[in-house]
Amino acid sequence: MARRNRASASGPRAAASARLLAILAVIFGLVVLLVGLLALAAGMGLLPRAPSAAAAGNAGLAVVIGLCFTLAGAAMVLFAFARRAASMLALATLLCFVVAFNWVAFGPGERSFTQRTSVGRPIDANAARQPMAHAEGRGVLRAVALGLDAAVLAGVVLALRSRRSAAAAPPSGKPPPGGPPPGSPPHRQA
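To convert, count from 1 in the sequence shown and add 1; that's this note's numbering.
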């Protein structure tokens, strides 16, 4: 009895908490969406650039990153209202992130890398920073990019297997195909 009263008392609290979470997700999602739209506009050349701005070769990367933020913000806004659409947008966000990471790892152009060293002392913000060789930095980025690619590919394979096995399984409460029709006596072998 006491357990039931606790559960019913937490019902309104849980509902209020869910509403608050939905409101915060919408607010934060709109902020992220706005940042994404600004990055998209900058990448497409719709915003004025400073004379010292990076080369136009980074415009494509700015578009991909802007799209990543735009999709993530839209997914957050839709999370409370349309979970399936939000999950599709979240998947598209992940794919945009992986594309951006692969662009940086394998794309043309010079990259500059730094590394922190903290020999003989714990890692801290004041650790010595020094340039890292271009090949070494690209190697690390490429290894991480390939790991991300493998993780996404594994997720796709698992999702397809799950859907295939769910489609092959008979609906609950119904006999498998080729079985006796409902209400008929079981078949006996002689």
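We put the beta carbon where it would ideally sit given N, CA and C, even for glycine.
Since we're looking at a predicted model, the values are computed, not measured.
Along the chain, where does the alpha helix (DSSP H) containing residue i start, and where does it finish?
{"i": "Phe82", "result": "Per DSSP, Phe82 belongs to no alpha helix (DSSP H) and is neither H nor E."}
Classify residue i: buried if its beta carbon has 16 or more other beta carbons within 10 angstroms, exposed otherwise.
{"i": "Ile66", "result": "buried"}
{"i": "Arg4", "result": "Low confidence applies to Arg4: its pLDDT is 47, below 50, so where it sits in the model is not reliable enough to give any reading."}
{"i": "Met77", "result": "buried"}
{"i": "Thr71", "result": "buried"}
{"i": "Ala134", "result": "exposed"}
{"i": "Ser94", "result": "Checking the displayed sequence, the identity of residue 94 turns out to be Thr instead of Ser. With 16 or more other Cβ atoms within 10 Å, it is buried."}
{"i": "Ala40", "result": "buried"}
{"i": "Gly44", "result": "buried"}
{"i": "Ala15", "result": "exposed"}
{"i": "Ala87", "result": "buried"}
{"i": "Leu90", "result": "buried"}
{"i": "Phe82", "result": "exposed"}
{"i": "Leu35", "result": "exposed"}
{"i": "Phe107", "result": "exposed"}
{"i": "Phe80", "result": "buried"}
{"i": "Val33", "result": "buried"}
{"i": "Ala37", "result": "In the sequence as presented, Ala is not what sits at residue 37; that position holds Gly. Burial call: buried."}
{"i": "Leu68", "result": "buried"}
Name the DSSP beta bridge partners of residue i, please?
{"i": "Val132", "result": "Residue identity check: residue 132 is Pro in the sequence provided, not Val. Answer is Thr115, bridged to Pro132."}
Whole-angstrom Cβ separation of residue i and residue j, contact assumed at under 8 Å?
{"i": "Gly74", "j": "Leu31", "result": "7 Å"}
{"i": "Val153", "j": "Val100", "result": "About 10 Å; that fails the 8 Å criterion."}
{"i": "Phe102", "j": "Ala63", "result": "Going by Cβ atoms, the distance from Phe102 to Ala63 rounds to 15 Å, so no, they are not a contact pair."}
{"i": "Arg130", "j": "Thr115", "result": "5 Å"}
{"i": "Val105", "j": "Leu142", "result": "6 Å"}
Residue ranges of each beta strand (DSSP E) within the stretch 145 to 173, 3 or longer = The qualifying runs do not exist here; there are none.
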